[in-house]
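Student: Last residue of the sequence shown: number 494 in our numbering, and the count goes up by one each step with no gaps.
The C-beta atom is built at its ideal place from N, Cα and C for all residues, glycine as well.
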Amino acid sequence: MSLAAARPSCPHPHSRPHPRARRPLGRGAAFALHASVLVGLLAASSAPTPLYALYQAEWQLSALTVTVVFSAYALALLMALLTAGRLSDHLGRRPVLAGALLTEAASMAALATAQGSAALIAARVLQGLATGVATGAAGAALLDFEDPGHPGRAALANSLTPVSGMAAGVLAATALVRWFPAPTHTVYVLLLLLFVVQAAAVARTAETAGPRPGAWRSLRPRVVVAAASRRAFLVTAPGVIAAWALGGFYSSLGPSLARLVSPQLSRSTAGLVFFALTAGAAVAIVAVRALPARAVSVAGAAALVPAALLTLSAPYLHSLSALFTGTVLAGAAFGAVAQGALRLLLPPAAPGERAGTLTAYYVLSYLAMSVPAVIAGLLTNHYGLRTAVSLYTGTAVLLALTAVATLLTAGTRSPAAR
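1) Spatial neighbours of Val-209 within its chain, please: C-beta separation below 6 Å, excluding the five flanking residues on both sides.
2) What does the alpha-carbon distance come out to for the pair Arg-365 and Gln-415?
3) Using the Cα positions of Leu-173 and Gln-132, report the straight-line distance between them to the nearest angstrom.
4) Just the C-alpha distance for Val-479 and Trp-292, rounded to the nearest angstrom, thanks.
5) Can you tell me whether Ser-397 is buried or exposed? The criterion is at least 16 other CB atoms within 10 Å of its CB, across all chains shown.
6) So Tyr-437 packs on Leu-154, CB below 8 Å; how close in whole Å?
7) What is the rounded straight-line gap between the Cα of Leu-514 and the Cα of Met-184?
8) Return helix, strand or coil for Glu-134, following the three-state DSSP convention.
9) For Trp-135, count neighbouring Cβ atoms within 10 angstroms of its own Cβ and tell me buried if that reaches 16, exposed if not.
10) Figure out for me which residue from Leu-348, Leu-130, Val-311 and Gln-340 has the closest Cα to the Cα of Tyr-326.
11) Beta-carbon separation of Ser-122 and Gly-245 under 7 Å?
12) Classify Gly-25: buried if its beta carbon has 16 or more other beta carbons within 10 angstroms, exposed otherwise.
13) What residues in its chain sit with their C-beta under 6 Å from that of Phe-271, if we drop five residues either side in the sequence?
14) May I ask you to report which of helix, strand or coil DSSP gives Ser-78?
15) Near Gly-330, which residues of its chain fall below 6 Å by C-beta distance, leaving aside the five closest residues on each side in sequence?
16) So, at 6 Å on beta carbons, what are the nonlocal neighbours of Val-263 in its own chain, with the 5 sequence-adjacent residues on each side left out?
17) When the Cα atoms are used, what is the spatial distance from Ala-449 to Ala-472?
18) Here's the rule I'm using: 16 or more other beta-carbon atoms within 10 Å means buried, otherwise exposed. How should Gly-225 be labelled?
19) Would Gly-324 pass as a contact of Met-445 if the rule is Cβ separation under 7 Å?
20) Rounded to a whole number of angstroms, what is the C-alpha to C-alpha distance between Leu-322 and Gly-102?
21) Give the straight-line distance between the Cα atoms of Thr-312 and Ala-258, rounded to the nearest whole angstrom.
22) Please look up how many angstroms separate the CB atoms of Val-278 and Leu-386, rounded, as I've assumed it's under 8 Å.
23) Quick check: the Cα distance between Val-447 and Ser-328, rounded to an integer number of angstroms?
24) Drop a sphere of 10 angstroms on the beta-carbon of Ala-97, count the other beta-carbons inside from all chains shown, and report buried for 16 or more, exposed for fewer.
25) Is Arg-169 near Ala-282, with beta carbons less than 7 Å apart?
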């Protein structure tokens, strides 16, 4: 007999709801949901990029303040990853992720109502903390819900959804700046609604990490690279630093650089600089996923050199084509370097060491993204954006050349490197 036939025709008002109403989402739907969560989180992280010019005009913000706003988010995210990245292993995926998404929604409300740089920085800190917690839980859930018959989808989703989300966030915010009123409010309200809906949907997923003791101990920051991965970590570090540092520059000062190259450029078009970077990264991640990791790392590091030089030449040539070509190439290099590094780092590590090794990679990455961006803001304040670009890209070129040299001369123990 079916459940529907067995159900009483007139249930008591206080009887338990029908079991079908509480059936958790299937594996495929849950996987898609958690992938969409990562896309949404990273879309929210990049949405302010096209708005920085509006904030600067409305609140007379300096380039240094803009980079501090950006770096506050990155450093808060890094702190959350270090302390709460494993929290869902102990408390469960659903409560941690749902709580983080609701906190993310609160940060969107704070961004929508910010009236100055201090409020903007505070909102970005809250957003960074929520994103760090949610990213760890959603990324782990992707592994939990991966179809055993199609291995590798979780790894691809974990690498592809962040850059896809950042591209989508910049594109959506740019469209709002161009065609909609009150863009500094509208984009955050839309994202707030998205996160509330996602939090409700997460509550309908099956729990894959039952509560277990050790939650407080898991909050202790700990960064340990697996012994088998340390050589690869040292070899790939210069390229990772160069790639993420360029990413931080484009996401914080990219629109200002576009308007330096072409002062008549609209603010919405200037915001597309970071979209070009993230779109290039997304394409590269898909394109190189089947190639040897060491070759991918070398090619990515090498591509950073012409990318940086094109970016450097743009303000002197007043060439938007040079700027956008350099940005797309930098994005492709970023995607290749990131994927190559992860494929060299993680396979040699034992399963119990991979989380710590991945955390170490993100510590290096987010420090490389945030700290140089603040330095670029200081240089811009004191010497102008053109000089800051020269010094920044020159350093990136040196790091990229160092990365190519170390990757070509130093062997790695990972089978993927061959």
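Tutor: In this structure, then:
1) Taking the first residue of the sequence shown as 1, we reach residue 209 at position 133. Hits under 6 Å: Ala-156, Ala-160 and Ala-176.
2) Locating residue 365 in the sequence shown gives position 289, counting from the first residue. Locating residue 415 in the sequence shown gives position 339, counting from the first residue. Annotation: Arg-365 to Gln-415 spans about 8 Å, alpha carbon to alpha carbon.
3) Your numbering for residue 173 matches position 97 in the sequence shown. Your numbering for residue 132 matches position 56 in the sequence shown. Between Leu-173 and Gln-132, the C-alpha separation is close to 34 Å.
4) Translated into the one-based positions of the sequence shown, residue 479 becomes position 403. Translated into the one-based positions of the sequence shown, residue 292 becomes position 216. This sequence places Ala at residue 479; Val is not what is there. Answer to the nearest angstrom: the Cα atoms are 39 Å apart.
5) Taking the sequence shown and counting its residues from 1, one reaches residue 397 at position 321. By the 10 Å Cβ count, Ser-397 comes out exposed.
6) By one-based count along the sequence shown, residue 437 stands at place 361. By one-based count along the sequence shown, residue 154 stands at place 78. Taking C-beta atoms under 8 Å as the contact rule, Tyr-437 and Leu-154 fail to qualify, at a distance of about 12 Å.
7) The requested residue 514 is not part of the displayed model; the chain covers only 77 to 494.
8) On the sequence shown, residue 134 is found 58 positions in, with the first residue counted as 1. In the three-state reduction of the DSSP assignment, Glu-134 falls in the helix class.
9) As a first step, residue 135 is located in the sequence shown; it is residue number 59 there, counting from the start. Exposed: under 16 other Cβ atoms inside 10 Å.
10) For this step, residue 326 is matched to residue 250 along the sequence shown. Residue Leu-348 holds the alpha-carbon nearest to the alpha-carbon of Tyr-326 among Leu-348, Leu-130, Val-311 and Gln-340.
11) Sequence index remark: in the sequence shown, residue 122 carries index 46 (1-based). Sequence index remark: in the sequence shown, residue 245 carries index 169 (1-based). Result yes, Cβ atoms of Ser-122 and Gly-245 sit closer than 7 Å.
12) This structure gives no information on residue 25, because the portion of the chain shown stretches from 77 to 494.
13) Residue numbering aside, residue 271 sits at position 195 when the sequence shown is read from its first letter. If we look at Phe-271 and ignore the five residues flanking it on each side, its Cβ neighbours are Leu-177, Glu-180 and Ala-181.
14) Position 2 of the sequence shown holds residue 78. Low confidence applies here, because Ser-78 scores a pLDDT of 33, under 50, leaving its location unreliable and the question unanswered by this model.
15) As a working mapping, residue 330 is identified with position 254 in the sequence shown. A distance below 6 Å between beta-carbons, with the five flanking residues on each side excluded, links Gly-330 to the following residues of its chain, in chain order: Val-349 and Phe-350.
16) Within the sequence shown, residue 263 is the residue found at index 187, counting from 1. Ala-123, Ala-249 and Leu-252, listed in sequence order.
17) The count along the sequence shown starts at 1 and reaches residue 449 at position 373. The count along the sequence shown starts at 1 and reaches residue 472 at position 396. Ala-449 and Ala-472 have their C-alpha atoms some 12 Å from each other.
18) The residue given as residue 225 occupies position 149 in the sequence shown. Under this definition Gly-225 is an exposed residue.
19) As a first step, residue 324 is located in the sequence shown; it is residue number 248 there, counting from the start. As a first step, residue 445 is located in the sequence shown; it is residue number 369 there, counting from the start. Their beta carbons are under 7 Å apart, which means Gly-324 touches Met-445 by this criterion.
20) Stepping through the sequence shown from its first residue, residue 322 is reached at position 246. Stepping through the sequence shown from its first residue, residue 102 is reached at position 26. Near 40 Å, if we compare the C-alpha coordinates of Gly-102 and Leu-322.
21) Walking along the sequence shown from the start, residue 312 turns up at place 236. Walking along the sequence shown from the start, residue 258 turns up at place 182. Their backbone Cα atoms lie some 43 Å apart in a straight line.
22) Sequence index remark: in the sequence shown, residue 278 carries index 202 (1-based). Sequence index remark: in the sequence shown, residue 386 carries index 310 (1-based). Rounded, the Cβ-Cβ distance is 42 Å, inconsistent with contact.
23) Taking the sequence shown and counting its residues from 1, one reaches residue 447 at position 371. Taking the sequence shown and counting its residues from 1, one reaches residue 328 at position 252. So the alpha carbons of these two residues sit roughly 12 Å apart.
24) In the sequence shown, the residue the question calls residue 97 occupies position 21. Any answer about Ala-97 is weak, because its pLDDT of 49 lies below 50 and its placement is not dependable; what the coordinates show is given next. Looking at its Cβ environment, which holds fewer than 16 other Cβ atoms inside 10 Å, Ala-97 is exposed.
25) Indexing the sequence shown from 1 puts residue 169 at position 93. Indexing the sequence shown from 1 puts residue 282 at position 206. No; because the gap between Cβ atoms is not below 7 Å, this pair is not in contact.
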